[in-house]
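Residue numbers (this note's numbering): 205 to 600.
Think of the CB as a built atom: it goes at the ideal place given N, C-alpha and C, for glycine as much as any other residue.
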Amino acid sequence: MSRPVAAQRVTRFATTVFSEFSALAARHGAVNLGQGFPDFDGPDAIKEAARRAIRDGGNQYAMGAGARELRVAIAEHSARFYGQTVDPDTMVTVTSGATEAILDTLLGLVDPGDEVVAFEPFYDSYDANIAFVGATARFVPLRPPDAGHARWWFDRDEVRAAFGPRTRLLILNTPHNPTGKVFTREELGFLAELCAEFDVKVLSDEVYEHIVFEPARHLRPATLPGLAERTVTVSSGGKTFSLTGWKVGWVIAPPALRDAVQRAHQFVTFATAAPLQAAMAEALRLPDAYFAELASSYAAKRGRLLTGLREAGLTPFAPEGSYFILADITRQGFADDVAFCRHLVSEVGVAAIPPSVFYSPEHRPLGQGLARFAFCKTEAVLDEAVRRLRAGLTPR
């Protein structure tokens, strides 16, 4: 008798939707507003710093916890932007991207049979990693703006109902992918009270921390009362410096939590690319003007695509942060978001992502009337996408 080739933990996961629609975009010559990576590079000075590190011999294993110079830069960045005191020697671990940091955190803090609460739509690795560690996900839907809510919101009764005696971890993503929601101080205070009541730790995914649009303001949960001692902050340089292929991420946490994450990290990747760590340390020390210009440039791109989507007959929700826009597609006459996005890429020549894949089966209908568009592209690419959308969709 032959045994199945694949382990059960991976059998329910097919090729990611990002790979699928990027391949479709290439096949049809479509403008790709699907997968969230910039089509432009980050600062030349940072790329030169990586080349210099290679030339200078920084090509062997870095320390498992990360190069100390980068850990110091991460601590300095935390103090500079959030007033957070971070010990680089006991509170920081450098990882191969935020995706590894998320897995390390779950491996280090969550046991089989535990429960993990997360908001949906969710970044797809959350669901996979929860399954990999043998835990159970409890998803709570974010609701779109409506007559009673100016921004994406959650039902507090639904959140409370998701917590229980087996809850071990809450996953937060702020600014949020794909809704663009930035969690408020009041919302974070409510979640802090719940976590204290049920003795739950927090994983705060903040990779879009510097892509926030006024009047919204990113608040680091770990700096708020009731959350500092229980929060693992995850971030990376990919989105902030438009260097997603470098995969340099990090974890910031109180020593006991960081130690648990570090124990997992040492057996997942052990260490992250040494010359890229050296360059990322320089990136985090760029002047304030760089970070202000980053937000300003993305605000202009956001406005450009919001206007184009409206003119094409869609109803976009303006994000408070990140570089994604969710748009209401229900008036376009398609059965669901997958059908719409397939039509969009093959007939209109623009790739978007169907966000129903970022929902649990129970709540999947909430995503079927939406499509996700990425605006981390050059102005010329955004303009061409808008031109095709206007020509290919019928305003309704």
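By the Cβ rule, the stretch 281 to 296 counts as touching the stretch 426 to 435, because three or more pairs are nearer than 8 Å. With respect to the 8 Å criterion, C545 and F241 are not classified as neighbours on the basis of their beta carbons. Between the alpha carbons of G338 and A332 lies a distance of about 10 Å.
By the neighbour-count criterion, in which 16 or more other beta carbons inside 10 Å mark a residue as buried, T303 falls on the buried side.
In the three-state reduction of the DSSP assignment, H353 falls in the strand class, which pools E and B. DSSP places A400 in the uninterrupted alpha helix (DSSP H) bounded by R389 to F402.
The beta carbon of L480 is closer than 7 Å to those of A254, W450 and V452 in its chain, skipping five residues each way along the sequence. Comparing alpha-carbon positions, the option among A257, P459 and G512 lying closest to A595 turns out to be G512. Looking at E486, L498, L597 and A496, the one whose alpha-carbon comes closest to that of T534 is L597.
Ranked by how close their Cα comes to the Cα of P316, the residues T519, V296 and T371 have T371 in first place. Closest in C-alpha terms to G238, from the list F244, E410, T340 and P382, comes P382. For the options A555, A257, F326 and P559, the alpha carbon positioned closest to that of A230 is the one of A555. Look at the beta carbons and you see the stretch 402 to 412 touching the stretch 373 to 391: at least three pairs across the two are nearer than 8 Å.
Per DSSP, the beta bridge partners of K405 are L373.
DSSP places L574 in the strand class (E or B) of the three-state scheme. Looking only at T220, G573 and A396, the smallest Cα-Cα distance to T519 is reached by G573.
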